[in-house]
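Residue numbers (mature numbering (1 follows the signal peptide of the UniProt record, and there is no 0)): -23 to -1, 1 to 220. Take a look at the structure below.
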């Protein structure tokens, strides 16, 4: 259930015609009526024209910065729950082609992307109780982030918060005992397919062969100067989450 503030943001943004909502929605950076929203800017503050004027290397560096921020968010969130071993789902690093539900008008699989990474843990005796959200709800509130609680079939319960820089951190508890921590970006303008290849083709396959780890372990983001020799599959979502 969306809170009053969130609902107001959505209504205002739709009226401005700057964001098409296909589910849960977040308005463009800067808020309704801001310069960012009126210019159809993405989560990083760039319009399609501005992003398109960047070289692939410059876009590559933007993905690096965003990936590093998401790693920081994910590690901090995991440590609230457990400093033990977590299973890997979506591995991160490579952009996912096309927009997600925070799409802007005109975004397609070719001209936009988003970033996502998630990890799973199976706490002893876990049954997906709603109160198992409490540690993350308290953490989100301590950061000053607005919290959204959702329930879906399974059953599963989710606590999600938007960071001050436009990322979403979510903690999902499921009846099967698998609990997932996820960080997802909003949608960005960019040459998504070229970016995907430029990034993943620079990563040796052995560096992606990680199925579980302690918090803080990630695939190394490549340097632009690294050779383009590989084609690992970073679109491995692992075991899908229950919806």
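Glycine residues also receive a C-beta, built at the ideal position from the N, C-alpha and C atoms.
Tell me the residue span of the alpha helix (DSSP H) that contains residue i.
{"i": "residue 116", "result": "111 to 119"}
{"i": "residue 29", "result": "25 to 29"}
{"i": "residue 47", "result": "33 to 58"}
{"i": "residue 170", "result": "169 to 177"}
Which whole-angstrom value is the C-beta distance of residue i and residue j, which I expect to be below 8 Å?
{"i": "residue 158", "j": "residue 95", "result": "6 Å"}
{"i": "residue 117", "j": "residue 162", "result": "Contact doesn't hold; Cβ gap of about 17 Å is too wide."}
{"i": "residue 63", "j": "residue 97", "result": "6 Å"}
{"i": "residue 99", "j": "residue 36", "result": "Residue 99 to residue 36, Cβ: 37 Å. No contact."}
{"i": "residue 134", "j": "residue 128", "result": "5 Å"}
{"i": "residue 41", "j": "residue 198", "result": "5 Å"}
{"i": "residue 184", "j": "residue 196", "result": "6 Å"}
Comparing alpha-carbon positions, which option in the options lies nearest residue i?
{"i": "residue 149", "options": "141, 160, 136", "result": "136"}
{"i": "residue 33", "options": "147, 198, 168", "result": "168"}
{"i": "residue 86", "options": "165, 61, 142", "result": "165"}
{"i": "residue 76", "options": "65, 25, 50, 179", "result": "25"}
{"i": "residue 113", "options": "51, 82, 38", "result": "51"}
{"i": "residue 55", "options": "22, 193, 38", "result": "193"}
{"i": "residue 80", "options": "129, 42, 19, 60", "result": "19"}
{"i": "residue 191", "options": "49, 206, 61, 39", "result": "61"}
{"i": "residue 93", "options": "171, 65, 110, 109", "result": "65"}
{"i": "residue 70", "options": "202, 179, 84", "result": "179"}
{"i": "residue 29", "options": "22, 49, 88", "result": "88"}
{"i": "residue 126", "options": "147, 170, 176", "result": "147"}
{"i": "residue 188", "options": "68, 144, 105, 123", "result": "68"}
{"i": "residue 105", "options": "151, 124, 130", "result": "151"}
{"i": "residue 124", "options": "78, 177, 144", "result": "144"}
{"i": "residue 45", "options": "170, 207, 160, 186", "result": "160"}
{"i": "residue 131", "options": "153, 207, 115, 120", "result": "153"}
{"i": "residue 201", "options": "185, 17, 195, 39", "result": "39"}
{"i": "residue 82", "options": "17, 109, 108", "result": "17"}
{"i": "residue 57", "options": "22, 109, 31, 27", "result": "109"}
{"i": "residue 31", "options": "107, 138, 78, 171", "result": "171"}
{"i": "residue 73", "options": "107, 115, 203, 174", "result": "174"}
{"i": "residue 101", "options": "78, 59, 120, 115", "result": "59"}
{"i": "residue 119", "options": "53, 78, 84", "result": "53"}
Which residue marks the beginning of the beta strand (DSSP E) containing residue i, and which one marks its end?
{"i": "residue 195", "result": "From DSSP, residue 195 is part of no beta strand (DSSP E); its letter is neither H nor E."}
{"i": "residue 65", "result": "63 to 65"}
{"i": "residue 90", "result": "89 to 91"}
Taking the DSSP output, what are the residues bridged to residue i?
{"i": "residue 157", "result": "97, 149"}
{"i": "residue 133", "result": "129, 151"}
{"i": "residue 74", "result": "90"}
{"i": "residue 139", "result": "145"}
{"i": "residue 189", "result": "64"}
{"i": "residue 166", "result": "89"}
{"i": "residue 124", "result": "138"}
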